[in-house]
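> Handing you this structure, nothing more for now.
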Amino acid sequence: MKKIFLAIILTGLIAGATVFNSCSKTIDEQNMNYPMINPTRVDANAGNWKPILLTAANEFPVATPIATTSPDYIIQLNEIKSFQNNITPDEKKLVEYWGAGAVLRWNEIMRELVALHNLPPYQNADGTYPIPSANNPLAYPTFPFANPPYAARAYAYLSAAQYDACISAYFYKQQFNRAAPFTVDATIQTLLPKSTLPSYPSEDAVVMGASVELLKLLFPGDQDYINQRAEEHKRARLIAGANVRSDLDAGEALGKAVAAKFITRARGDRAGAAVGNPTIWAKLKSDCIARGETPWISQELPERPPMLPVFGAVKTWLFDSLTMVTAIRPGPPPSTSSQKFKDETEEIYQITKKLTREQLRIADFWADGLRTYTPPGHWNYIAATDFAQQNFSEARWARNMALLNMAIMDAGVVCWDTKNFYYGPRPMQVDPRIKTGIGLPNFPGYISGHSTFSGAAATVLGYILPSRAQAYDDMAKEASVSRMYGAIHFRTDCEVGLTTGNKVGAYSVARGHIDGAE
Amino acid sequence: MRYSLPKLLQKIIICNLLLFCFTQAKAQTDIDGLMMEKNFFCVGPTAGYSSWKNYWEGTLKRDNLNMGRVSTTNFMLMGNYGVTKRLNLLFGLPYVKTKASAGNMAGQKGFQDLSLMVKWVPYQKHIYKGDLQTFLIAGYSTPVSNYTADFLPLSIGLHSKNAIMRGMIDYQRNHLFATASYTYIARSNVTIDRYTYYTTEMHYSNEVKMPDASQWNFRAGYRSDVLIAEAVFNKWTTLGGFDIPRNGMPFVSNRMNATSIGINLKYETPVDGLSVVANGSTTVAGRNVGQSSGFNAGVFYIFDFTKKKKAAKKTDTKTENK
């Protein structure tokens, strides 16, 4: 009897262990399941949409393409055929991956680079902190420290450049009207849904060309990786039979030309000075004390200067600095000596004392801290995942992401302006009993960055996809309150951040109404 | 009786916590060469404390002023039942509490992972005037609470389900003994509270692929009826995973390795069936873990469920297993 019992237990355990170990550990990555672009509206007229920086869609010239009957074109068709002769499963996957959309995939590549670089520098031996240098990006501390404001700006430049590049390409598509290779030669296979758009210059290549240049500017130490992804993208288009080489070359060149204009803007947008200097850091604090308020103090050891305190002076997209200061920047937070301030501090302490697992989950879910794509990246992911279900054209993808990311960056500028204008403390500075279950950001509290970013993003996304407006609003509210669950913001920081973000978002929506894409 | 260990020793168990998270991996009872007699049930609580100030960020040893000293306190209930003298069932359930002495990170607490083990002696032999025993041990552990694994180093555990397979050999001659074991720990993927994370690349999933782990354990020392004193060497190796980046935070699927040394003491009190245990250990090498040192102490009592025990209160258990 005992022996039978014994045998059963052992057999069971060994079987259990075997099953356990042979279980698939493969992870289903959500971003590998996006459908391939197959627009319900091709947006052939996108060349008439209003550009962001370009004076006109045809500001940069594109050479007249060679005829589809020319010997050189035939050679290009044969290049596709050579690619298509014996397509491997990996190549098919590559085609499908890039087939989900150029704007989507290059946005994703930027999210990955942001996450990779979202780490604060380690201190020097003397307790100061080194500042990453774009001129020496691979030396420690590597450049950039892709923190939320840096990331917000990066996504905005990428998306804005992609948009202008895209409408420029669509303009020339109509002008030259050169057919796609699979239309010219019926023996060319198409591994993607057939686009009825003229294929010269390639919309994929124009987005790629613009993206590569912006990414190289923003992530100068990762050029090898960026180039590798660009080559992969071009190869995918050829294997797919969607473009001939000259479609790609013309698109890439146009994208690069458009990008140059954005790079010039970026070099002059004052972001390079956003880190400030010891004089500025000291003045922010002394100005706050002079107003009779308790200033923010870094809780890190050694004390770290505030993150990009002059980011509030960076050039915005949707309004000018006067509008920002007079019409958008919110009024002051409750005085640090007021009863309301004391009550709000106590409220956060009580939250930490009674924190539920669900509240911690919400705080974790929205934390988007170190080694993540940041809150702006989170909203890009939310947008991309929803847009992928909408059968948008490449041009509409670009337009919608540009509206979103210009709003997010401008929300960041407004938020950082407000933070450093008032220089308000965070809960644990004034009540050391308060601890966080996430991470404590190293800059002033009022107003909450997450709330401002989220308010702006939800407003723009609700405009683009009205049926989801309530859902976006709910997400923004959850992102906002998550900062109270994380015990790193007062209620006022969050609530005012959210409404300020909504205001910024409205400027982007106003642009959407007049950009010709509605 | 020739092939069995002294009676008292068979009754003693030492219990410890298999705490994967940022402390050296430790486990006893299921990793020592002792077996409970048939129908005896040993059970008891242990308490332990371990802490570290320095840790390995990848292979770089450093401290962190924003955490200060990170400490783990654990309380554990352990039990070991003798189905037969050669087949034991074991369980352990720890309650874990973490704390950082500096900075703003909130300590975590909760019940961690329940572990269940089967310990079997398939072969034993009297050889060279000593006793040789071989063991096969299989076990399973699973989280019993919904704690977050994504707040290292303060998370109370890694939240994976683990299948544990161990081969072990023990040799004792007079009062001197040595034990060696190798363990393979198959770990399930874990789920975190967010749907993207970065390892060495971006992942769009809330599921994290966990590398398996292995453990070498060597121990040797003195065993008598009333006292066991042994030195322990333990090497935990994660079979994959990635390093904490420069000035980054640890992540659940890091390559966590730890080599530790320690001392265990077990004493059988004059009260029949009551034993006390104490042990201390320190981490001598590691990767992506804290350089943890700590101690544990526990009290165990052995309940006798033999039929004879029921019939007559005082019985010599030696006769039970003949």
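Just so you know, the protein sequences line up as chains A and B, in that order.
Taking this note's numbering, the leading residue of the first sequence gets 1472, the next gets one more, and so forth.
Taking this note's numbering, the leading residue of the second sequence gets 28, the next gets one more, and so forth.
Glycine included, C-beta positions come from ideal geometry on N, C-alpha and C.
1. Would Gly268/B count as contacting chain A if we go by Cβ distances under 7 Å?
2. Should Asn1557/A go down as buried or exposed, given a rule of 16 or more other Cβ atoms within 10 Å for buried?
3. Spell out whether any CB of chain B is found under 7 Å from the CB atom of Tyr1696/A.
4. Determine the extent of the beta strand (DSSP E) in which Lys152/B is found, giving its start and end residues.
5. Mind checking who Asp199/B pairs with in its DSSP beta bridge?
6. Find the residues of chain A that neighbour Leu92/B, judging by a C-beta separation of less than 9 Å, and give them in chain order.
7. Using CA coordinates, which residue listed in Trp83/B, Tyr198/B, Val253/B and Phe260/B is at the minimum distance from Thr296/B?
8. Locate the beta strand (DSSP E) running through Gly111/B, then write down its first and last residues.
9. Could you pull out every residue in the same chain whose Cβ sits closer than 6 Å to the Cβ of Lys188/B, ignoring the five residues on either side in sequence?
10. Considering only C-alpha positions, which residue in the set Lys1705/A, Leu1831/A, Lys1687/A and Arg1897/A is nearest to Phe1733/A?
11. In the segment 263-347 of chain B, which residue ranges form an unbroken alpha helix (DSSP H) of at least 4 residues, counting only runs that do not cross its ends?
12. What separation, rounded to the nearest whole angstrom, lies between the Cα atoms of Ala1958/A and Leu1841/A?
13. Using only alpha-carbon positions, find the residue among Val1585/A, Pro1542/A and Ala1724/A that is nearest to Thr1461/A.
14. Secondary structure at Leu61/B, three-state DSSP: helix, strand or coil?
15. Give the list of continuous beta strand (DSSP E) stretches no shorter than 3 residues that lie fully inside the segment 1615-1673 of chain A.
16. DSSP state of Arg352/B, grouped into three classes?
17. Have a look at the DSSP bridge pairing and note the partners of Gly1743/A.
18. What are the residues of the segment 1724-1739 of chain A that lie near chain B, defined by any Cβ-Cβ distance shorter than 7 Å?
19. Since Thr125/B is in the alpha helix (DSSP H), which residue starts that stretch and which ends it?
20. Leaving out five residues on either side along the sequence, give the residues of the same chain with a beta carbon under 6 Å from the beta carbon of Tyr1641/A.
21. Do you know offhand how far Ala1625/A's Cα is from Leu104/B's?
22. Tell me which residues of the segment 1903-1917 of chain A have at least one Cβ-Cβ distance to chain B shorter than 7 Å, keeping chain order.
23. Note the first and the last residue of the continuous alpha helix (DSSP H) segment covering Val1884/A.
24. According to DSSP, Tyr174/B sits in a beta bridge with which residue or residues?
25. Can you check whether the C-beta of Asn1502/A is within less than 7 Å of a C-beta belonging to chain B?
26. Looking only at DSSP bridge pairs, what is His230/B linked to?
27. Going by CA-CA distance only, name the one from Thr223/B, Asn131/B and Ser320/B that's closest to Ile1853/A.
28. Please state the DSSP three-state secondary structure of Glu1530/A.
29. Could you check whether the Cβ of Glu1703/A sits closer than 7 Å to any Cβ belonging to chain B?
30. Determine, using beta carbons only, whether Met1899/A comes closer than 7 Å to chain B.
31. Please state whether the Cβ-Cβ distance between Phe67/B and Ile329/B is less than 7 Å.
32. Could you check the C-alpha separation between Ile1945/A and Ala1737/A for me, to the nearest Å?
33. Would Thr1497/A be called buried (16 or more neighbouring beta carbons within 10 Å of its own) or exposed?
34. Please list, in chain order, the chain A residues whose beta carbon lies closer than 9 Å to that of Lys236/B.
35. Using beta carbons (cut-off 7 Å, strictly below), is Ser232/B in contact with chain A?
36. By DSSP, does Ser1898/A sit in helix, in strand, or in coil?
With the structure as the only source:
1. Taking the second sequence and counting its residues from 1, the one referred to as residue 268/B is at position 241. Taking Cβ atoms only, chain A never reaches closer than 7 Å to Gly268/B, which makes this a no.
2. If you number the first sequence from 1, residue 1557/A lands on position 86. With fewer than 16 neighbouring CB atoms inside 10 Å of its own CB, Asn1557/A falls in the exposed class.
3. The count along the first sequence starts at 1 and reaches residue 1696/A at position 225. Chain B contact via Cβ: absent.
4. Position 125 of the second sequence holds residue 152/B. Asp140 to Ile154 is the span of the beta strand (DSSP E), which, as asked, contains Lys152/B.
5. Here residue 199/B refers to the residue found at position 172 when the second sequence is read from its first residue. The question names Asp, but residue 199/B in the sequence shown is Gln. DSSP, once it has assigned bridges, lists Asp158/B and Phe204/B as partnering Gln199/B.
6. As a first step, residue 92/B must be located in the second sequence, where it is residue number 65. Close to Leu92/B, with beta-carbon spacing below 9 Å, are these residues of chain A in chain order: Gln1594, Glu1771, Leu1772 and Pro1773.
7. Taking the second sequence and counting its residues from 1, one reaches residue 296/B at position 269. Residue nearest to Thr296/B within the set Trp83/B, Tyr198/B, Val253/B and Phe260/B is Val253/B (criterion: CA-CA distance).
8. Within the second sequence, numbered from 1, the residue matching residue 111/B stands at position 84. The sequence as given places Thr at residue 111/B; Gly does not occur at that position. From DSSP, the beta strand (DSSP E) with Thr111/B extends over Val97 to Thr111.
9. On the second sequence, position 161 is the one that residue 188/B refers to. Here the set comprises Thr169 and Ser215.
10. As a working mapping, residue 1733/A is identified with position 262 in the first sequence. In this structure, Lys1687/A is the residue among Lys1705/A, Leu1831/A, Lys1687/A and Arg1897/A with its C-alpha nearest to the C-alpha of Phe1733/A.
11. If we require 4 residues or more, the alpha helix (DSSP H) runs fully inside the segment 263-347 of chain B come out as 334-338.
12. As a working note, residue 1958/A is residue 487 in the first sequence. As a working note, residue 1841/A is residue 370 in the first sequence. Roughly 17 Å separates the two Cα atoms.
13. Here chain A covers residues 1472 to 1989 and nothing more, so residue 1461/A does not appear.
14. Taking the first residue of the second sequence as position 1, residue 61/B is located at position 34. It is coil, neither helix nor strand.
15. Segments of the beta strand (DSSP E) lying fully in the segment 1615-1673 of chain A: there are none.
16. Chain B is shown from 28 up to 349; residue 352/B falls before or after that span and cannot be answered.
17. Position 272 of the first sequence holds residue 1743/A. Residue pairing for Gly1743/A: DSSP places it in no beta bridge.
18. Cβ contacts with chain B come from no residue of the segment 1724-1739 of chain A.
19. Here residue 125/B refers to the residue found at position 98 of the second sequence. Annotation: Thr125/B is outside any alpha helix (DSSP H); the continuous beta strand (DSSP E) that includes it extends over Leu114 to Ala127.
20. In the first sequence, residue 1641/A corresponds to position 170, counting from 1. Apart from sequence neighbours up to five positions away, the residues of its chain that approach Tyr1641/A with a beta-carbon distance below 6 Å are Ala1517, Gly1518 and Ala1866, ordered along the chain.
21. The sequence position of residue 1625/A within the first sequence is 154, counting from 1. The sequence position of residue 104/B within the second sequence is 77, counting from 1. Cα to Cα, Ala1625/A sits roughly 53 Å from Leu104/B.
22. Listed in sequence order: Lys1906, Thr1907, Gly1908 and Leu1911.
23. Within the first sequence, residue 1884/A is the residue found at index 413, counting from 1. Element bounds for Val1884/A: Glu1865 to Tyr1893.
24. For the purposes of this step, residue 174/B is taken as the residue at position 147 of the second sequence. Beta-bridge pairing links Tyr174/B to no other residue.
25. Taking the first residue of the first sequence as 1, we reach residue 1502/A at position 31. A Cβ of chain B is located within less than 7 Å of the beta carbon of Asn1502/A.
26. Counting from one through the second sequence, the residue named residue 230/B turns up at place 203. Looking at the DSSP assignment, His230/B forms a beta bridge with Tyr224/B.
27. Your numbering for residue 1853/A matches position 382 in the first sequence. Ranking the options by Cα distance to Ile1853/A, first place goes to Thr223/B.
28. Taking the first sequence and counting its residues from 1, the one referred to as residue 1530/A is at position 59. The answer is coil: DSSP assigns Glu1530/A none of H, G, I, E or B.
29. Within the first sequence, the letter at position 232 stands for residue 1703/A. Nearest CB-CB separation between Glu1703/A and chain B: not below the 7 Å threshold.
30. Taking the first residue of the first sequence as position 1, residue 1899/A is located at position 428. Interface residue, yes.
31. As a working mapping, residue 67/B is identified with position 40 in the second sequence. As a working mapping, residue 329/B is identified with position 302 in the second sequence. Cβ atoms of Phe67/B and Ile329/B: closer than 7 Å.
32. Taking the first residue of the first sequence as 1, we reach residue 1945/A at position 474. Taking the first residue of the first sequence as 1, we reach residue 1737/A at position 266. Note on identity: in this sequence residue 1945/A is Asp, with Ile being the wrong assignment. About 33 Å.
33. To locate residue 1497/A, count along the first sequence from 1; it is residue 26. Per the 10 Å Cβ criterion, exposed.
34. In the second sequence, counting from the first residue as 1, residue 236/B sits at position 209. Chain A residues near Lys236/B: Lys1496, Thr1497 and Ile1498.
35. As a first step, residue 232/B must be located in the second sequence, where it is residue number 205. Interface residue, yes.
36. If you number the first sequence from 1, residue 1898/A lands on position 427. This sequence places Pro at residue 1898/A; Ser is not what is there. Note: Pro1898/A maps to helix in three-state DSSP.
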